[in-house]
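For what it's worth, this note's numbering labels the leading residue of the sequence shown as 354, then goes sequentially. Heads up, the thing below is written out as structure tokens.
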Amino acid sequence: MTFSAQTRKKNIDELKNTKLDLLIIGGGITGAGIALQAGARDIKAGMIEMQDFAAGTSSRSTKLVHGGLRYLKQFDVELVADVAQERAVIGKNVPHVVQPSYMLMPVYDEPGASFNKFSAEVVLHLYDYLAKVDNEWAHYMIDKDKVEGEEPDLRTEGLLGGGFYLDYTNDDSRLTTEIIKKAHELGTLITNYVKAVDFIYNDEDKIIGVKAEDTLTGQLFEIHASVVVNATGPWSDTVRKQLKGNTKKKLFPTKGVHFVVDHSKIPIDRTIYTDTGMDDNRMIFFIPRSGKTYFGTTDTPFEGEYDDPNITQDDIDYLLKAANYRFPNAHITLDDIEASWAGLRPLIQDEDNSDPSGISRGHDVFVSEGGLVSVAGGKLTDYRRMANDTFKMIDEELAQFDKSFDQVDTADIRLSGGDVPEHQTFSEYANEQTEKGMAIGLKEDEARALVNWYGTNVETVYSLKDKITDSELPLKDALQLEYAIEFEMTLLPEDFLARRTETLLFDTPRIEKLKIPLVEHFAKRFNWTDQEKKKWSDQVDKKVDETTLSQFK
Numbered sequence: 354m355t356f357s358a359q360t361r362k363k364n365i366d367e368l369k370n371t372k373l374d375l376l377i378i379g380g381g382i383t384g385a386g387i388a389l390q391a392g393a394r395d396i397k398a399g400m401i402e403m404q405d406f407a408a409g410t411s412s413r414s415t416k417l418v419h420g421g422l423r424y425l426k427q428f429d430v431e432l433v434a435d436v437a438q439e440r441a442v443i444g445k446n447v448p449h450v451v452q453p454s455y456m457l458m459p460v461y462d463e464p465g466a467s468f469n470k471f472s473a474e475v476v477l478h479l480y481d482y483l484a485k486v487d488n489e490w491a492h493y494m495i496d497k498d499k500v501e502g503e504e505p506d507l508r509t510e511g512l513l514g515g516g517f518y519l520d521y522t523n524d525d526s527r528l529t530t531e532i533i534k535k536a537h538e539l540g541t542l543i544t545n546y547v548k549a550v551d552f553i554y555n556d557e558d559k560i561i562g563v564k565a566e567d568t569l570t571g572q573l574f575e576i577h578a579s580v581v582v583n584a585t586g587p588w589s590d591t592v593r594k595q596l597k598g599n600t601k602k603k604l605f606p607t608k609g610v611h612f613v614v615d616h617s618k619i620p621i622d623r624t625i626y627t628d629t630g631m632d633d634n635r636m637i638f639f640i641p642r643s644g645k646t647y648f649g650t651t652d653t654p655f656e657g658e659y660d661d662p663n664i665t666q667d668d669i670d671y672l673l674k675a676a677n678y679r680f681p682n683a684h685i686t687l688d689d690i691e692a693s694w695a696g697l698r699p700l701i702q703d704e705d706n707s708d709p710s711g712i713s714r715g716h717d718v719f720v721s722e723g724g725l726v727s728v729a730g731g732k733l734t735d736y737r738r739m740a741n742d743t744f745k746m747i748d749e750e751l752a753q754f755d756k757s758f759d760q761v762d763t764a765d766i767r768l769s770g771g772d773v774p775e776h777q778t779f780s781e782y783a784n785e786q787t788e789k790g791m792a793i794g795l796k797e798d799e800a801r802a803l804v805n806w807y808g809t810n811v812e813t814v815y816s817l818k819d820k821i822t823d824s825e826l827p828l829k830d831a832l833q834l835e836y837a838i839e840f841e842m843t844l845l846p847e848d849f850l851a852r853r854t855e856t857l858l859f860d861t862p863r864i865e866k867l868k869i870p871l872v873e874h875f876a877k878r879f880n881w882t883d884q885e886k887k888k889w890s891d892q893v894d895k896k897v898d899e900t901t902l903s904q905f906k
């Protein structure tokens, strides 16, 4: 099923002319989960996103579907249990995006250490129990010599041992995209680059819709709905400020920063989760991916522009110090950072806790005066449970209009790209499709990368080869671009480089070669003027400069 600029135009026309049961503001993971459930329940629903899908927090996480091991330090057992069990559900429904793997938590004898050998064993045992991990993936402890053998570049001073435990790798924007595509398939009217600029009220001051703006054209229009949901993550308070009357601030956004270096600088074989070693109650991930290693995250209070949170010199100094402490032979400097990203966590205010790392990652759903339903807080892994809890409020609001809909468990819905045949494991399917990709001219690593990125949709990607005969891009990039435009509502070069592919973060140097043919393809496809071509080309340059931290180099 296509999901293109033409789909967007059609959806906007329908949003203008249809009274919806439900309108969702926000196209990140939270809004996507609600849109999926709305479609599954045959609710007449729409979803609008003021930027591109997942452009905010949902493309700026640590890119894991993890259960929140460190929250056990804060005795947030219920949250860990709920979130950890969700990992397997998501992995089943979108196996090309979310895959299980063993991760290593080294244990050190040093000031501020989160765990000693005994407490690490207890915590990992509890983690397995809460997540209902089977014996195949049960944690196990290893001694110091084994840790050194597994990861010889880790700091050995103070090393006591370590533990292997199950967590899941992921790409956050890809996961969000696959949910949105499935929601579209199920009938939800979805569009990016449409911003809710104000609310529409009836005579009783009840919200009956929003005034919206197409941010690409400046066109203003109205969308009418029985219920409106605010699922905008860090922008939740900003949206609520548009309500009549006073609104109390609910969120305490904190910033998380990650850096990417070449894998040779930190040559690890698996994800490592460890204390920073700076006696600051913080833990840090080191994750190998696509020939690179990335590490993070920070956790600092944030004030500033939410659209593109800035990285500061303090962020750079902190993460470089932590990385070089844990890997003393790495000697990473600013010049080694190939890419970076910063994202905001939409944490809920906690008057009893001023430490950002100690604030709960739980979520809250509430109804404001006028009937606006808001969902705030939460974690990427928990998107389905957030949708379920939000729908409890939505259903109550819909009942006022004598509307009710059958309940559906989205745990049983395969996401876009997740329809692996019952007789095959994903690994078997990937091997089969890799061979088919090589048959159309792709290198083996390119074909395998496409299967791992698109899952069962790779068959559609391969089928596009005859449509790209005049492309000046390499075959893999040309196939991805054609698919992104036709099936993933990709409207701008940055959408493609930053969220429909991982090029911006994990293959940044190639952008210089890709940019001209890429922009030319968009310009031809969407009939851009020379001025528009320059605007969107300059946007790519600006994004690359920000990502590579060129202002600090």
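The C-beta atom is built at its ideal place from N, Cα and C for all residues, glycine as well. As the structure is a computational prediction, the values presented were derived from the model and not from experiment.
Next on the checklist: Tell me which residues share the same chain as residue 817 and place their Cβ nearer than 7 Å to its Cβ, disregarding the 5 neighbours each side in the sequence.
Outcome noted: For residue 817, where only same-chain residues beyond five positions count, the Cβ hits under 7 Å are 832, 835, 836.
Next on the checklist: Checking 8 Å against the spacing of the C-beta atoms, do residue 494 and residue 516 come in under that value?
Outcome noted: Cβ atoms of residue 494 and residue 516: closer than 8 Å.
Checklist entry - With 16 as the cutoff for other CB atoms within 10 Å, does residue 785 come out buried or exposed? => result Label assigned to residue 785: exposed.
Item to check | Contact belief for residue 687 with residue 902 at Cβ below 8 Å, rounded distance in angstroms | outcome: Correct: roughly 7 Å between the Cβ atoms.
Next on the checklist: Assuming residue 628 is part of the beta strand (DSSP E), what are its boundary residues?
Outcome noted: Segment 625-628, the beta strand (DSSP E) holding residue 628.
Item to check | Strand pairing of residue 465, partner residues [DSSP] | outcome: Answer by DSSP bridge pairing: none, since residue 465 is not bridged.
Item to check | Cross-strand partners of residue 456 (DSSP beta bridge) | outcome: Paired residues: 518.
Checklist entry - In three-state DSSP terms, what is residue 659? => result Collapsing the DSSP output to three states places residue 659 in coil.
Checklist entry - What is the DSSP secondary structure of residue 698, reduced to helix, strand or coil? => result DSSP places residue 698 in strand when its eight states are reduced to three.
Item to check | Residues near residue 685 by beta carbon distance below 7 Å, same chain, minus five either side | outcome: Hits under 7 Å: 614, 618, 673, 676, 677.
Checklist entry - What residue range is occupied by the uninterrupted beta strand (DSSP E) comprising residue 613? => result Element bounds for residue 613: 607-615.
Checklist entry - According to DSSP, is residue 420 helix, strand or coil? => result Three-state DSSP puts residue 420 in coil, outside helix and strand.
Checklist entry - Out of curiosity, what's the CA-to-CA distance linking residue 362 and residue 368? => result So the two alpha carbons sit approximately 10 Å from each other.
Next on the checklist: For a minimum of 3 consecutive residues, which ranges assigned as the beta strand (DSSP E) are wholly contained in the region 499-577?
Outcome noted: For the region 499-577, whole beta strand (DSSP E) runs of length 3 or above, ordered along the chain, are 512-522, 542-545, 547-554, 560-567.
Checklist entry - When DSSP builds the beta bridges, which residues end up paired with residue 754? => result In DSSP, residue 754 forms no bridge with anything.
Item to check | Straight-line gap, residue 489 to residue 518 (C-alpha atoms, nearest Å) | outcome: If I take the Cα positions, the gap works out to 11 Å.
Checklist entry - residue 869: buried (16+ other C-beta within 10 angstroms of its C-beta) or exposed? => result Per the 10 Å Cβ criterion, exposed.
Item to check | Assigned exposure category for residue 796 - 16 Cβ within 10 Å defines buried | outcome: It counts as exposed.
Checklist entry - By DSSP, does residue 724 sit in helix, in strand, or in coil? => result In the structure shown, residue 724 sits in coil (DSSP, three-state: anything other than H, G, I, E or B).
Checklist entry - Grouping DSSP H, G and I as helix and E and B as strand, with all else coil, what is residue 730? => result Strand.
Next on the checklist: Once DSSP output is grouped into helix, strand and coil, what is the label at residue 375?
Outcome noted: In the structure shown, residue 375 sits in a strand (DSSP, three-state: E or B).
Checklist entry - When the Cα of residue 783 is compared with those of 382, 803, 794, which residue comes out closest? => result Closest option to residue 783, Cα to Cα, is 803.
Item to check | the region 654-663 touching the region 628-637, judged by at least three CB pairs closer than 8 Å | outcome: No, the region 654-663 does not touch the region 628-637.
Next on the checklist: Suppose you measure from the CA of residue 523 to the CA of residue 507; what does that come to, to the nearest Å?
Outcome noted: Distance between the alpha carbons of residue 523 and residue 507: 24 Å.
Next on the checklist: For the ligand GTP, is there any heavy atom lying closer than 7 Å to the beta carbon of residue 760?
Outcome noted: Among the components modelled here there is no ligand, and therefore nothing to report on the ligand GTP.
Checklist entry - Which of the three DSSP states, helix, strand or coil, is assigned to residue 487? => result The answer is coil: DSSP assigns residue 487 none of H, G, I, E or B.
Item to check | Contact set for residue 764: own chain, Cβ-Cβ below 6 Å, skip 5 residues either direction | outcome: Cβ within range, chain order: 442.
Checklist entry - Quick one: what does DSSP say residue 693 is sitting in, helix, strand or coil? => result It is a strand residue.
Item to check | Whole-Å CB distance - residue 383 paired with residue 584, under 8 Å assumed | outcome: The C-beta separation of residue 383 from residue 584 comes to about 4 Å, placing the pair in contact by the 8 Å criterion.
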